[in-house]
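Heads up: the sequence shown begins at 179 in the working numbering, then just goes up one per residue. Built from N, CA and C at the ideal position, the CB exists for glycine as well. All values reported here derive from a predicted model rather than from experimental measurement.
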Amino acid sequence: MAVPISQAWTVATYVLKQKLKGQKRYPLVLMLEPLFRCNLACAGCGKIQYPAHILKSELSPEECFRAVEECGTPMVSIPGGEPLLHPQMPEIVAGLVARKKYVYMCTNALLLKEKLHLFKPSKYLSFSVHVDGEKEHHDFSVCREGGHDIAMEGIRAAVAAGFRVTTNTTLFDGADPNSVRRHFDQLMEAGVESMMVSPGYTYDKAPDQNHFLGKAKSRKLFRAILSNRKKAWEFNTHPLFAEFLMGKQNFECTPWGMPTFSIFGWQKPCYLLQDGYADSFTELMETTNWDNYGAKSGNPQCANCMVHSGHEASAVDYNFGSLKGFLLTAKKYMSPSLYPDVEAEKLLNEWKPAHAMPLVQIESATNNQLEPVSGD
């Protein structure tokens with residue numbers, strides 16, 4: 179099973195409690211960002227383009243625990259930046275595990291192998307490794323030669339050590355669906371528990387603004403990738419969110435579903451947009467004008483967004499929001515479809531890969547003004 183039964187049960191009971199209490203808006207996953215600095219400078223990233231004094235800042239373990247308790251969600255995702263650069267990350271993770279939170283610690287895995295001994299395997303902890311495709315595509319995406327080989331080595335080491343390992347693949351314009359499907363095979367062969375895949379978001383601060391996917395291209399790409407799937411593939415995503423990516427479902431964004439807490443406080447309105455900050459989770463929920471966000475709002479920043487952090491919570495809410503949604507989702511889990519699709523197979527056969535440009539390392543404050551990091 180892609181997600182352990184204990185985790186699925188915990189999340190299901192949590193959501194049902196919110197529904198029984200009549201909560202229209204509730205958090206599902208806390209996006210906890212203890213730092214922004216990273217040992218990569220990816221062209222599509224909007225998180226690392228801050229000045230050096232911001233990149234050197236980080237949350238303390240106590241601040242992280244307070245945010246988690248304030249939010250109350252059963253799941254915590256720790257993105258960044260690169261969390262393994264935080265000197266107290268093992269303490270933060272151990273504290274969250276002790277609180278029985280299901281933790282997905284995101285990492286590019288450049289430091290994973292050498293830091294594994296600082297963590298303990300647990301059903302509450304999963305290393306979520308960012309691998310954006312096969313070797314050539316991943317290295318191009320992260321602007322670093324050899325990044326793919328190091329990431330895969332880290333994955334295998336973590337699996338061998340008994341850790342839960344999932345992956346996160348972000349796709350941009352020019353992605354080859356045939357290559358992505360081979361990538362899925364490689365990840366399963368490496369022993370990962372499950373995979374997540376999502377289109378990239380058009381960060382205003384991203385150095386490369388030319389390769390983000392629009393909605394039509396996203397649906398075409400994900401239809402080709404996720405139709406006619408193999409039985410061996412396991413995905414760490416709600417099945418209806420996968421159908422949303424394929425153009426089979428239509429969900430509005432629920433930006434409050436995955437709230438973000440960082441060194442600046444509670445980010446309005448979501449992980450992807452920065453329209454101010456709140457001092458408390460309650461203030462975030464009560465003072466954010468949620469009607470200003472999502473494709474339906476007409477906000478141009480939301481027009482092409484299909485990212486999981488905005489829409490997977492929508493699928494989960496639909497799952498528990500009606501008998502129809504519950505029965506549909508139950509069917510998807512009990513009788514998983516491989517989504518046979520003749521037209522999607524034709525798309526794969528006729529797809530022409532985009533010509534790859536030479537690998538270019540994007541300069542940032544991380545590269546120019548911070549001290550070198552072990553393993554970088």
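When DSSP labels each residue in this structure, what does W529 get in the three-state scheme? coil
When you compare the CB positions of G472 and P433, do they come within less than 8 Å of one another, or not? Taking 8 Å as the cut-off, the Cβ atoms of G472 and P433 count as close.
Starting from S255, follow the beta strand (DSSP E) in both directions and report where the run begins and ends. M253 to I256
Excluding sequence positions up to five away, which residues of its chain have a Cβ less than 7 Å from the Cβ of Y192? Non-local beta-carbon contacts of Y192 in its own chain, meaning distances under 7 Å to residues more than five positions away in sequence, involve P252 in chain order.
For E260 and C216, believed in contact at Cβ under 8 Å, the rounded distance: 4 Å
Between which two residues does the alpha helix (DSSP H) containing T465 stretch? F459 to T465
When we look at the beta-carbon of S458 and count the other beta-carbons within 10 Å, is it buried (16 or more) or exposed? Counting Cβ neighbours within 10 Å, S458 comes out exposed, since fewer than 16 surround it.
Cβ neighbour criterion (16 or more within 10 Å) applied to L194: exposed
Compare the beta carbon distance of L218 and V309 with 8 Å and say whether it is the shorter of the two. Between L218 and V309, the CB-CB gap reaches or exceeds 8 Å.
May I have the straight-line CA-CA distance separating N467 from C483, to the nearest angstrom? When the Cα atoms are used, N467 and C483 turn out to be separated by approximately 18 Å.
Any 3 or more C-beta pairs closer than 8 Å across the segment 389-404 and the segment 427-441: no
Tell me whether G325 is buried or exposed, calling it buried when 16 or more other Cβ atoms sit within 10 Å of its Cβ. Under the 10 Å beta carbon count, G325 is surrounded by 16 or more other beta carbons and is classified as buried.
Go through its chain and collect everything with a Cβ distance to K474's Cβ below 7 Å, but skip five positions before and after it. If you ignore the 5 residues before and after K474, its C-beta comes within less than 7 Å of the C-beta of E430, all in its own chain and listed in chain order.
Alpha carbon to alpha carbon, how far is Y496 from L198? Give it in angstroms, no decimals. 14 Å
Using 8 Å as the cut-off, can you tell me whether the segment 275-292 makes contact with the segment 331-347, which would need three or more C-beta pairs spanning the two stretches below that distance? In this structure the segment 275-292 touches the segment 331-347; the number of beta carbon pairs closer than 8 Å is three or more.
Among S372, S300 and S396, which residue has its Cα nearest to the Cα of F350? S396
From which residue to which residue does the beta strand (DSSP E) around S372 run? Per DSSP, the unbroken beta strand (DSSP E) holding S372 starts and ends at S372 to P377.
Please name the residue, chosen from T438, E490, A481 and S405, that lies closest to E248 on a Cα-to-Cα basis. T438
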